[in-house]
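Residue numbering for the sequence shown follows the working numbering, starting at 96 and increasing by one per position. Ideal placement from N, C-alpha and C gives every residue a C-beta, glycine not left out. Since the model is a prediction, treat every value here as computed from it, not as a measurement.
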Amino acid sequence: MKRAAELERKTKETQIRIKVDLDGSARCDVHTGIGFFDHMLTLFGVHGLLDLSIQAEGDIQVDMHHTVEDVGLVLGEALSRALGDRKSICRYGQALIPMDDALAEVAIDLSNRPYLRMLMPESLPRQTDFDVSLAQEFFRALAFKAGMNLHIRVAYGDNWHHMIEAVFKGVARALRQAGSPDSRVAGIPSSKGSL
């Protein structure tokens, strides 16, 4: 069974079309109108070994928030659909990712119980228009629509770009692990029999 999904969302603020294949080979085509975000989403596809197409237009002349959050919502829903009934998956994933001066820790449970906990160093220098609050909004939307329990902690870092990049790579690698098929699991990976 193909573990892929395609989804489109149109509002007065954004128009987003996303295609994702969980068993891809890291073919990525990402255009959101926000250069740094495109870079992070491409890294997400590459390190998650996802085939990922994201085409987004938003009211970025007002703010990047709508586009970033809505991409998270649509991508999260697409991931959830691609995971299907979540039978025979590993369910849990984790990653510890260094990126030069930064270290990010990520843990995921594909439990259908959405939650986000994102801890970053207290004093982060703002280096571009894409700040930490935007990354947090993206991951909150992603986690809630994907049915993902997502914990992110950046232990330390001096460079804002490196910290955010380590997080995107970490989430991608943890998701790849959690969503991977496990032939030893016959059904739903839970003692309750459902997620």
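Proximity below 7 Å, CB of residue i to CB of residue j
i    : j    : result
M258 : V249 : yes
E232 : V163 : yes
G119 : R271 : no
A177 : R98  : yes
M194 : A100 : no
G252 : A173 : no
G171 : A273 : no
Which residues DSSP lists as bridging residue i, in chain order
i    : result
L102 : I113
Q326 : This structure cannot speak to residue 326, because the chain is shown only from 96 to 290.
Q150 : R112, H126
A197 : M194
CA nearest to the CA of residue i, picked from the options
i    : options                : result
G140 : I155, G153, D124       : D124
L211 : L136, I113, H126, R235 : R235
R268 : E232, A202, Q231       : A202
E108 : D118, I155, L117       : I155
I113 : F131, G130, T137       : T137
Q189 : A281, N254, A199, D180 : A199
K287 : S206, L245, A238, H256 : S206
P276 : A238, L191, G179       : G179
F131 : D226, L237, P209       : D226
I247 : F263, C185, E103       : F263
Run of the alpha helix (DSSP H) containing residue i, from where it starts to where it stops
i    : result
S175 : 160 to 178
F239 : 227 to 241
M258 : 255 to 274
Opening and closing residue of the beta strand (DSSP E) in which residue i lies
i    : result
L214 : 210 to 214
R248 : 244 to 251
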